[in-house]
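**Student:**
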Amino acid sequence: MDNIAHALVGAVLGRAIADRRMPAPALTGAVVANAPDWTELFIGLPSDGANYLVLHRGITHSLAGAAVQIALLAALIQVGGAWWARRQGASAPAWPWVTSAVAACVLSHLYMDWQGSYGLRPLLPWNGQWYYGDFVAIVDVFFWFVPLVALAWGSHRHWRPAAGFAVPAILLFAMLLAAGTAASWVKLAAATALATGAAGWTSHWFGVARRRRAAVYGLALLAAYAGAQALASLGARAGAGHAAAARFGPGATSAVLTIAGQPFAWEPMYASADTVVGPGWEEPRGLDDPRVRKALRLTREGRAMAGFARFLTATVDSAPDGVWVVLRDARYARAGDRGWGVLSVSLPSDPAR
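What the sequence shown shows, in my numbering, is residues 6 to 358, in sequence order.
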C-alpha cells in the first residue's frame with residue numbers, strides 16, 4: 006500500500022501497543038512501519054525498469070528481511086530510548102513492549118502490501134514466488150482516515166495538534182475528491198469519518214488519557230473493514246474462476262484485481278496459454294514465439310519480467326538492426342512499448358544468434 010497508509014497505521018499500532026512504554030510511540034511507529042520501503046535504499050537504487058522489478062518488494066519485504074529489521078530497529082530504539090531516559094532522569098523503555106511494537110509495525114507493512122494485487126515475495130531469498138491477497142487496493146482511503154481520526158481523538162485539545170491533523174486530513178480529502186475513479190459512496194464515507202473525527206476531538210470523547218483505547222478501536226475498525234473485503238472477494242474469485250473454466254477449460258488461470266477508489270469491486274482477469282481476457286478486452290499472449298522465449302530466457306529484462314508478471318504477454322516488432330520483444334504484464338499494460346509494467350528487449354534478427 007502507499008506510504009501514507011503505512012505511516013498512519015504504524016502510528017496507531019505504536020500507540021496501541023507501547024503508549025508510554027516507548028519514546029514517541031506514534032512517530033516511532035510511523036517510521037518503523039515504512040522500514041521495508043526505506044531499507045530498500047541500502048540494497049541499491051534501481052537503475053532501470055528491470056532492476057526495479059527485481060528489487061522492489063524484494064528481500065526487505067520478506068519474512069527473513071523483516072526479522073532482521075525487527076531485531077536491529079528494536080535494539081536501536083531500546084538503546085536510544087535508554088540513553089535519552091538517563092538524560093531526562095526517567096525510566097528506560099520496556100524492551101518487551103518496544104520489541105512487540107516494532108514487530109507489529111514492520112509486519113503490518115508486509116501484511117498491507119500482501120492485501121492488494123501487486124503482490125509480495127515473503128519467502129525470499131529462498132523462493133521468489135509472488136503471493137497476492139486481492140482484496141484491498143494499493144490505495145484505500147479508509148487506511149488514511151480511520152487511523153488519522155483515531156490519532157486525532159487521542160491528541161491534546163490545543164490548536165497545534167488540531168492543525169497537525171486537520172491540514173493533512175484536508176489535503177488527503179482534496180486528493181480523494183480529485184480522483185476520478187473514486188466511488189461516490191467512498192467520498193461520502195470519508196467526509197463522514199472526518200466530521201466524526203472533528204466532533205470527537207471537540208467533545209473530548211477520548212483525549213490523551215484514553216488515546217491508547219482510541220488507537221485500539223481504530224485498528225479494530227480497520228481489521229473489520231479489511232476482513233469484510235476479504236470475505237466479499239471470495240465470491241468475485243469464484244465467479245472469475247468459473248468464467249475462466251467455461252472459456253478456456255480447467256487449465257485456465259484467473260484473478261480478481263483490486264481497483265483503487267472502489268472498495269468491494271474487482272476487475273476479473275483470466276487466461277489460457279495463448280490469451281488473456283478482461284472486462285471488454287482480450288489480448289494474445291504471444292509466448293510461443295521463439296524470439297519471445299529467447300528474450301525471457303537469456304536477457305536480464307526478460308528474466309525480470311518473467312519473474313514479476315502475473316499475466317505475461319509479448320509482441321515482436323521489427324527494427325533495422327534486429328527485433329524488439331516487448332514484454333507486458335496485462336495487469337498494468339496491454340499496448341505500447343513504454344510505461345509501467347512494460348519492458349522492451351532488443352534481439353538480433355536471427356533468433357539463432
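Every residue, glycine too, gets a C-beta built ideally from N, C-alpha and C.
Give the single residue among V59, R20 and L46 whose Cα lies nearest to the Cα of V107.
**Tutor:** Checked all of V59, R20 and L46; the closest Cα to V107 is R20.
**Student:** Look at V151 and L227 and say whether their C-beta atoms are less than 7 Å apart.
**Tutor:** Contact: yes.
**Student:** Taking the runs of the alpha helix (DSSP H) that are 4 residues or longer, which of them lie wholly in the segment 63–122?
**Tutor:** List check, alpha helix (DSSP H) in window: 68–93 and 100–119.
**Student:** I'd like to know whether the C-beta atoms of V59 and I82 end up nearer to each other than 7 Å.
**Tutor:** Cβ distance not < 7 Å, so V59 and I82 don't count as in contact.
**Student:** Would you kindly work out how many angstroms separate the C-alpha atoms of A219 and A229, rounded to a whole number?
**Tutor:** Each residue's alpha carbon lies about 15 Å from the other.
**Student:** Cβ atoms of S52 and L129: under 7 Å apart, would you say?
**Tutor:** Contact: no.
**Student:** Looking only at its chain, what residues have a beta carbon closer than 8 Å to the beta carbon of A357, apart from the 5 residues adjacent to it on each side?
**Tutor:** Its pLDDT being 49, under 50, A357 is placed unreliably by the model, and nothing is read from it.
**Student:** Judging by CA-CA distance, which residue of V111, A80 and R217 is the nearest neighbour of A97?
**Tutor:** Here the closest residue by C-alpha is A80.
**Student:** Just checking, does the segment 168–178 make contact with the segment 116–129 on the three C-beta pairs under 8 Å criterion?
**Tutor:** The segment 168–178, when compared against the segment 116–129, does not touch it at the 8 Å Cβ threshold.
**Student:** Between the alpha carbons of M274 and A250, how many angstroms are there, rounded?
**Tutor:** Spanning the two alpha carbons is a distance of roughly 12 Å.
**Student:** Would you identify the three-state DSSP class for L236, choosing helix, strand or coil?
**Tutor:** Helix.
**Student:** Just verifying my parser: in three-state terms, what is the DSSP assignment at L303?
**Tutor:** Helix at L303.
**Student:** Evaluate the contact criterion for the segment 238–245 versus the segment 37–49: three or more CB pairs, one atom per stretch, below 8 Å.
**Tutor:** In short, these stretches do not touch, since the Cβ pair count stays below three.
**Student:** Per DSSP, what kind of secondary structure is T44 in: helix, strand or coil?
**Tutor:** Coil at T44, not helix or strand.
**Student:** Going by DSSP in three states, V17 sits in which element: helix, strand or coil?
**Tutor:** In this structure, V17 counts as helix in the three-state DSSP scheme.
**Student:** Spell out the partners DSSP gives P289 in its beta bridges.
**Tutor:** In DSSP, P289 forms a bridge with T280.
**Student:** To the nearest angstrom, how far is the alpha carbon of F2 from that of R62?
**Tutor:** Since the first residue shown for the chain is 6 and the last is 358, residue 2 is missing from the structure and cannot be characterised.
**Student:** Have a look at Y137, R165 and A194 and flag the residue whose alpha-carbon is nearest the alpha-carbon of F148.
**Tutor:** Per the Cα distances, A194.
**Student:** Could you please give the first and the last residue of the uninterrupted beta strand (DSSP E) stretch that includes G327?
**Tutor:** Note, G327: beta strand (DSSP E), G327 to D334.
**Student:** I need the straight-line Cα distance from G344 to A319, nearest angstrom please.
**Tutor:** Straight-line Cα distance between these residues: approximately 14 Å.
**Student:** How would you call W119, buried or exposed, if buried means at least 16 neighbouring beta carbons within 10 angstroms?
**Tutor:** When all chains shown are included, W119 counts as buried.
**Student:** Just curious, the beta strand (DSSP E) that V213 is in, first and last residue?
**Tutor:** Neither: V213 is in no beta strand (DSSP E) and is coded neither H nor E.
**Student:** Could you check what DSSP says for Y230 in three-state terms: helix, strand or coil?
**Tutor:** Looking at Y230 - three-state DSSP - the assignment turns out to be helix.
**Student:** Taking DSSP's pairing of strands, which residues face T320 in a bridge?
**Tutor:** T320 pairs with V331.
**Student:** Could you work out which residue in A248, D145 and S113 is closest to G34 when comparing CA atoms only?
**Tutor:** Of the listed residues, the one whose Cα sits closest to G34 is S113.
**Student:** Counting C-beta neighbours from all protein chains within 10 Å, is the total for Q234 16 or more, i.e. buried, or is it exposed?
**Tutor:** It counts as buried.
**Student:** Could you give the distance in angstroms between the alpha-carbon of I264 and the alpha-carbon of D139?
**Tutor:** Their Cα atoms are separated by approximately 10 Å.
**Student:** Starting from the C-beta of A99, find all residues in its chain whose C-beta is less than 6 Å away, skip the five residues before and the five after it, and write them out in chain order.
**Tutor:** Around A99: R26.
**Student:** Relative to the C-alpha of A71, which candidate in W88, R92, A29 and Y116 has its C-alpha closest?
**Tutor:** When each option's Cα is compared against that of A71, the closest is Y116.
**Student:** Is the Cβ-Cβ distance between A157 and G202 less than 7 Å?
**Tutor:** Yes, Cβ-Cβ distance for A157 and G202 is below 7 Å.
**Student:** Just tell me which of V146, W89 and Y222 has its CA closest to the CA of V191.
**Tutor:** Among V146, W89 and Y222, the Cα nearest to that of V191 belongs to V146.
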